[in-house]
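Asks: This is the structure I have questions about; it appears just below.
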Amino acid sequence: TFKPDFQTKTGGFRRSNIRELLPPFLSVRGTRAFSRCFSRFSFPLRKLFIGISSYIIRVFQEVSCLKKRETGRKTQKLPSTGDGRMKELIDMVSGDHGHVVISSLIGKELTDEGLARITGLKVNVVRRILYDLYERRLVNYRRTRDDGTGWYVYYWYLEPERAAEYLETHHRQMLEKLKERLEYERNNIFFRCPNKCPKIPMDRALELDFTCPTCGERLEHYDNSPLVRSLEETIKSLESQVSKSGSNLAS
Numbered sequence: 270t271f272k273p274d275f276q277t278k279t280g281g282f283r284r285s286n287i288r289e290l291l292p293p294f295l296s297v298r299g300t301r302a303f304s305r306c307f308s309r310f311s312f313p314l315r316k317l318f319i320g321i322s323s324y325i326i327r328v329f330q331e332v333s334c335l336k337k338r339e340t341g342r343k344t345q346k347l348p349s350t351g352d353g354r355m356k357e358l359i360d361m362v363s364g365d366h367g368h369v370v371i372s373s374l375i376g377k378e379l380t381d382e383g384l385a386r387i388t389g390l391k392v393n394v395v396r397r398i399l400y401d402l403y404e405r406r407l408v409n410y411r412r413t414r415d416d417g418t419g420w421y422v423y424y425w426y427l428e429p430e431r432a433a434e435y436l437e438t439h440h441r442q443m444l445e446k447l448k449e450r451l452e453y454e455r456n457n458i459f460f461r462c463p464n465k466c467p468k469i470p471m472d473r474a475l476e477l478d479f480t481c482p483t484c485g486e487r488l489e490h491y492d493n494s495p496l497v498r499s500l501e502e503t504i505k506s507l508e509s510q511v512s513k514s515g516s517n518l519a520s
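Per this note's numbering, residue 270 is the first one in the sequence shown, and the count goes up by one each step.
Dropping the structure here:
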């Protein structure tokens with residue numbers, strides 16, 4: 270924290286240090302002129318000026334640190350919302366509004382209120398999207414305390430690498446469920462009524478005397494081979510995606 274100490278033991282102010290209170294773009298001649306004027310200020314006025322200058326310098330220091338942090342983020346490899354994996358995850362989490370929020374965060378750190386102003390969405394909608402994206406590891410936040418209010422302020426930013434890891438885990442879990450469903454479809458014989466009520470496995474159909482428990486119609490054999498083929502194709506495609514994402518993460 271900047272703490273100016275320009276007052277001398279005699280109650281005056283050291284003219285050599287006045288330069289630290291002035292904007293860096295002020296010329297040497299301008300600095301000398303200001304020094305002459307400053308020496309004529311009354312003591313309360315000098316104290317007020319130093320207080321204001323200290324606050325301005327502190328603000329500039331904080332802004333400078335934030336700009337350096339943002340510049341560091343901009344040099345990172347940033348995601349594109351058009352990327353297949355990224356688009357899939359955003360669609361799965363929050364749809365079109367998620368794309369708007371993600372696009373606004375590329376290369377930046379923003380608060381939820383700042384995102385609401387940029388996107389035109391309500392603050393509570395932005396917060397819900399951010400929390401959903403955070404659970405999926407697509408975004409992260411940096412927390413700072415506001416010196417004026419004492420409240421915490423959250424700055425959100427993208428985490429594309431963590432998003433890829435989450436998506437791979439999600440695909441693996443989905444793959445396990447699809448394989449379980451495929452095994453169930455292959456190992457059972459099903460029956461269904463003409464009204465297309467939910468299909469029933471053979472052991473249950475025997476208990477019901479081949480009568481539909483929903484509408485009372487006669488149960489008939491149901492051919493599930495199209496569903497089996499569809500599951501096999503989906504599993505094959507998903508296994509290919511998991512293999513590619515695994516090799517990308519390894520590299």
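We put the CB at the ideal spot given by N, CA and C, even for glycine.
Roughly how far, in whole angstroms, is the beta-carbon of L447 from the beta-carbon of T503, given that I think they are within contact range, below 8 Å?
Replies: That belief holds up - the Cβ atoms of L447 and T503 are roughly 6 Å apart, short of 8 Å.
Asks: In three-state terms, what does DSSP make of R405?
Replies: Note: R405 maps to coil in three-state DSSP.
Asks: Determine, using beta carbons only, whether L379 and W425 come nearer to each other than 9 Å.
Replies: Cβ distance < 9 Å, so L379 and W425 count as in contact.
Asks: Anyone know if the C-beta pair for L500 and E437 falls short of 9 Å?
Replies: For L500 and E437, no; Cβs fall outside 9 Å.
Asks: Where does the unbroken alpha helix (DSSP H) through L477 begin, and where does it stop?
Replies: L477 -> no alpha helix (DSSP H), and no H or E assigned at all.
Asks: What is the residue span of the beta strand (DSSP E) that E489 lies within?
Replies: Start and end: 489 to 491.
Asks: Between the Cα of S494 and those of T483, K513, N457, M471, spot the shortest distance and give me the residue it belongs to.
Replies: The shortest Cα separation from S494 among T483, K513, N457, M471 belongs to N457.
Asks: Drop a sphere of 10 angstroms on the beta-carbon of G376, count the other beta-carbons inside from all chains shown, and report buried for 16 or more, exposed for fewer.
Replies: Exposed is the call here.
Asks: Bridge partners for T413 per DSSP, in chain order?
Replies: V422, per the DSSP bridge assignment.
Asks: Could you give the DSSP three-state label for P429: helix, strand or coil?
Replies: Correct three-state label for P429: helix.
Asks: Please name the residue, chosen from V395, A433, G485, that lies closest to L407 on a Cα-to-Cα basis.
Replies: Of V395, A433, G485, the residue nearest in Cα terms is A433.
Asks: Might you give, ordered along the chain, the residues of its own chain that have their beta carbon closer than 8 Å to the beta carbon of D381, omitting 5 neighbours on each side?
Replies: Same-chain partners within the cutoff: V392, V395, R396, L399, Y423, W425.
Asks: Candidates H440, R405, R450: which alpha carbon is nearest P429's?
Replies: Considering only alpha carbons, the answer is R405.
Asks: Which residues mark the beginning and the end of the alpha helix (DSSP H) in which T388 is found?
Replies: Counting along the chain, the alpha helix (DSSP H) containing T388 begins and ends at 381 to 388.
Asks: Counting only the same chain and skipping the five closest in sequence on each side, list residues whose C-beta sits under 8 Å from that of H440.
Replies: L507, Q510, V511, S514, listed in sequence order.
Asks: Express the C-alpha separation of Y421 and R411 in angstroms, rounding to a whole number.
Replies: In a straight line, the C-alpha of R411 is about 10 Å away from that of Y421.
Asks: Do P467 and T480 have their C-beta atoms within less than 9 Å of each other?
Replies: In this structure, T480 does not lie closer than 9 Å to P467 by Cβ.
Asks: With a CB to CB cut of under 7 Å and the five nearest residues on each side skipped, what residues in its chain are close to H490?
Replies: Same-chain partners within the cutoff: F460.
Asks: Would you mind working out which of L488, D416, P463, Y403 sits nearest M471, comparing C-alpha positions?
Replies: Closest option to M471, Cα to Cα, is L488.
Asks: Tell me the rounded alpha-carbon separation between L374 and A474.
Replies: Using only the alpha carbons, I get a separation of about 55 Å.
Asks: Go ahead and label G485 buried or exposed: buried means 16 or more other beta carbons lie within 10 angstroms of its beta carbon, across all protein chains shown.
Replies: That one is exposed.
Asks: Please name the residue in T418, D401, Y403, H366 whose C-alpha comes closest to that of I387.
Replies: Checking every option, the nearest Cα to that of I387 belongs to H366.
Asks: Could you pull the DSSP bridge partners for P482 from this structure?
Replies: Bridge partners of P482: none, in fact.
Asks: Pull up the distance between the alpha-carbon of V370 and that of M443, whole angstroms please.
Replies: In a straight line, the C-alpha of V370 is about 26 Å away from that of M443.
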